[in-house]
Amino acid sequence: MRVIRDRAEAKWLPSRFHFALARLVAYVVFRRAAPRDQRGLVLAVDRNQNGIESYAASIGVLILATCYTAVLLGRLVHPIAAAVLAVPMALAALQVPIVLLPLTAALPRIQRHAMRVNSLLLTTVLLCLSLYFAVSDGWVRIIARTFFVLVLMNVLAAIVIWPLRQRFAELEGRYEGAPP
Amino acid sequence: MTSVVNTSWWRRFLARGVFWRQVLRYAVLGAPIWIEPLAIGSWTLFFLLWGSGRRGIMRNLSAIKPGSLALANFFRAYRVFWNFAWAIADTVRFREQRVVPDWEFVGIEYFEQLRATPGGAIILTAHMGSYDLGAYLFSETSHRPLVMVRAPEVDPQTHDYEEQVQENRRPDALRIDFNTKAMELALDLLDALQSSQVVAIQGDRVTPGIASMPVKLFGRTTLMPSGPFALAMAARVPIFPLFILRTGRRQYRLVTCAPIAVERRSRQRDEDLQAAVAAWAEQLEIMIRRNWQQWFAFEEFSPERGG
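Here's what the structure looks like:
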């Protein structure tokens, strides 16, 4: 893994972000940031490095999962009980892949790509549920449609940054020569 | 007399059992990054159920923050577990995927002095942040051989698991020694120091069979290991207090303090050692007071209770 030393502005390098929307925002911030020397700083260049993005995505997924769980539970129990149970049940549901993974010990190929498999599974489930709720009645359709708006914004951001990928590489190249 | 090791199947599910290490590894390898905070947050809540650990943290906090309410310390205990969960997850992620966190050096002049010291040196640290991660990074960046001393795991299955993982993943420049046989270890470490290697020891806790000295910490008498200081005196090497603090998601701060020289100044060797131990305790107290949420001491550090 590459690291960059002593350059505080490098924390906004797009390569340190995962989602296209975050990369676009980071690129804008990076271009406006003044070079700043900070002795003793070591920054890793990894697409999952940024904490703000990670927490934002997690909180968003939790809100989504909790709302969907509350609505589904509300069909079985009292709405107040559904609201109370929704958060722990949503948290548990999101972590089902972690628990199920050891059971795939007999399927080495799945284990090797565990993170991708789990990510694909969870994303597919969330998309399907969002599609279902986006066309349904009730307050939850606002949540589902907001999710699709964010997905669309991310797709548009990906289109915008696609021609900039060479530029991103050049930005990283400014800090070339820093051994890990 | 031989001791019987209890290998009951349910032991693996106890708080220090191997099952949780395996679950952590599976989670790091399998959980999508975007649910990592959720997983850590919810599993931290689960570990809050570990009564003895939680009580140990809360009692330590009552000493660190005199007059603090038990309810407030309960929530602070969650924060300690939260930081611990992230630290061990980061360590596993580094071992398995070589993912490096961001680092910030404080006291870099002392760190460079440590790296440039021609002979051996001792790094004295505490159970804060990620000892393992710091040791791995030091050994890979400083190009100096590092001997990391650690207490063996309480659970034998966990010990075997960690030993196997360390053996498979550690860099060649890093050696790990367990402080189970004090005399043999002392000779090994002395030899390492005289070979200009760096020895890293956690000096905020005493395990059974380890030489110790009483010292005041947060106004309470506790025992600190005296071995590192005796070693420094014998080998005539400096001790560098060094702390690894977690400052955020994949963000760590490495604080290096001015070296402690352990010199023979009187005929009373114990007095000279006591002075050095007291200097270390003073430094440790400052660091813990500022970063209590990073001190992963799950047992009471002193049998004394405050008023």
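Just so you know, the protein sequences line up as chains Y and S, in that order.
Plus 5 on top of the position in the first sequence (first one is 1) and you've got our numbering.
Plus 42 on top of the position in the second sequence (first one is 1) and you've got our numbering.
Backbone N, C-alpha and C fix where the C-beta goes; we use that ideal spot for every residue, glycine too.
Computed from a prediction, not measured in an experiment: that's the story for all the values here.
Residue i - DSSP class collapsed to helix/strand/coil
| i | result |
| --- | --- |
| S/Ala163 | strand |
| S/Phe282 | strand |
| S/Phe147 | strand |
| S/Lys107 | coil |
| S/Ser254 | strand |
| S/Asp197 | coil |
| S/Tyr294 | strand |
| Y/Gly45 | strand |
| Y/Pro102 | helix |
| S/Arg247 | coil |
| S/Leu259 | strand |
| S/Pro74 | coil |
| S/Ala168 | coil |
| S/Pro28 | This structure cannot settle anything about residue 28 of chain S, because the visible part of chain S is limited to 43 through 349. |
| S/Leu287 | strand |
| Y/Pro184 | In this prediction, Y/Pro184 scores a pLDDT of 44, lower than 50, which makes its location untrustworthy; the coordinate-derived value is nonetheless stated afterwards. Residue state, collapsed to three classes: coil. |
| S/Asp132 | helix |
| Y/Asp11 | strand |
| S/Val141 | coil |
| Y/Trp167 | helix |
| S/Leu188 | strand |
| S/Leu38 | No information on residue 38 of chain S is available, as it lies outside the stretch 43 to 349 that chain S covers here. |
| S/Ala57 | coil |
| Y/Ala144 | Per the sequence presented here, residue 144 of chain Y reads as Trp, with Ala not at that position. Residue state, collapsed to three classes: coil. |
| Y/Arg52 | coil |
| S/Val304 | coil |
| S/Arg217 | strand |
Supposed contact pair residue j and residue i - C-beta distance, whole angstroms, cut 8 Å
| i | j | result |
| --- | --- | --- |
| S/Cys299 | S/Gln335 | At roughly 20 Å, the Cβ-Cβ gap does not stay under 8 Å, so S/Cys299 and S/Gln335 are not in contact. |
| S/Gly245 | S/Met266 | 6 Å |
| Y/Leu26 | Y/Ala162 | 4 Å |
| S/Leu156 | S/Phe343 | Contact doesn't hold; Cβ gap of about 27 Å is too wide. |
| Y/Ser208 | S/Trp76 | There is no way to answer for residue 208 of chain Y, as the model of chain Y reaches only from 6 to 185. |
| S/Phe338 | S/Met170 | 7 Å |
| S/Ala303 | S/Pro280 | 6 Å |
| Y/Arg146 | Y/Phe153 | Their Cβ separation, rounded to whole angstroms, is 10 Å, which puts Y/Arg146 and Y/Phe153 out of contact at 8 Å. |
| S/Pro143 | S/Arg292 | 4 Å |
| S/Arg53 | S/Gln199 | 7 Å |
| S/Arg118 | S/Val207 | About 31 Å separates the two Cβ atoms, so there is no contact after all. |
Residue i: CB within 6 Å of a non-hydrogen atom of the ligand SAM
| i | result |
| --- | --- |
| S/Thr264 | Ligands displayed in this structure: none; no statement on the ligand SAM is therefore possible. |
Chain S contact for residue i (CB, 7 Å cutoff)
| i | result |
| --- | --- |
| Y/Val30 | no |
| Y/Ala49 | yes |
| Y/Tyr270 | This structure does not reach residue 270 of chain Y, given that chain Y is present from 6 up to 185, and the question cannot be answered. |
| Y/Ala86 | no |
| Y/Leu131 | no |
| Y/Ala183 | Unreliable placement is indicated for Y/Ala183, whose pLDDT of 47 sits below 50; the coordinate value is still reported in the next sentence. Output row for Y/Ala183: interface = no. |
| Y/Asn159 | no |
| Y/Gln100 | yes |
| Y/Ile148 | no |
| Y/Met6 | yes |
| Y/Leu96 | yes |
| Y/Leu18 | no |
| Y/Ser124 | yes |
| Y/Leu77 | no |
| Y/Leu90 | no |
Proximity of residue i and residue j at Cβ, strictly below 7 Å
| i | j | result |
| --- | --- | --- |
| S/Leu296 | S/Ile286 | yes |
| S/Val65 | S/Tyr203 | no |
| S/Val133 | S/Leu175 | Here the sequence assigns Thr to residue 133 of chain S, which means Val is not the residue at that position. Yes, the Cβ-Cβ distance between S/Thr133 and S/Leu175 is below 7 Å. |
| S/Ala320 | S/Val240 | no |
| Y/Phe22 | Y/Glu58 | yes |
| S/Val70 | S/Arg135 | yes |
| S/Pro74 | Y/Asn123 | yes |
| S/Glu327 | S/Arg262 | no |
| Y/Ala91 | Y/Ala75 | yes |
| Y/Ala95 | S/Gly72 | no |
| S/Ile150 | Y/Gly45 | yes |
| Y/Leu29 | Y/Val165 | yes |
| S/Asp312 | S/Arg306 | no |
| S/Leu231 | S/Ala323 | no |
Beta carbon proximity, residue i to chain Y, threshold 7 Å
| i | result |
| --- | --- |
| S/Phe147 | yes |
| S/Ala73 | yes |
| S/Ser77 | The displayed chain sequence assigns Ile, not Ser, to residue 77 of chain S. Yes, S/Ile77 counts as interfacial toward chain Y. |
| S/Ser84 | yes |
| S/Leu90 | no |
| S/Arg292 | yes |
Do the region 7–19 of chain Y and the region 42–57 of chain Y make contact, defined as three or more Cβ pairs closer than 8 Å?
yes
Between the region 76–94 of chain S and the region 122–132 of chain S, can you find at least three pairs of beta-carbon atoms closer than 8 Å?
yes
Per the contact definition of three or more C-beta pairs closer than 8 Å, is the region 156–164 of chain S in contact with the region 233–245 of chain S?
yes
Per the contact definition of three or more C-beta pairs closer than 8 Å, is the region 97–117 of chain S in contact with the region 82–95 of chain Y?
no
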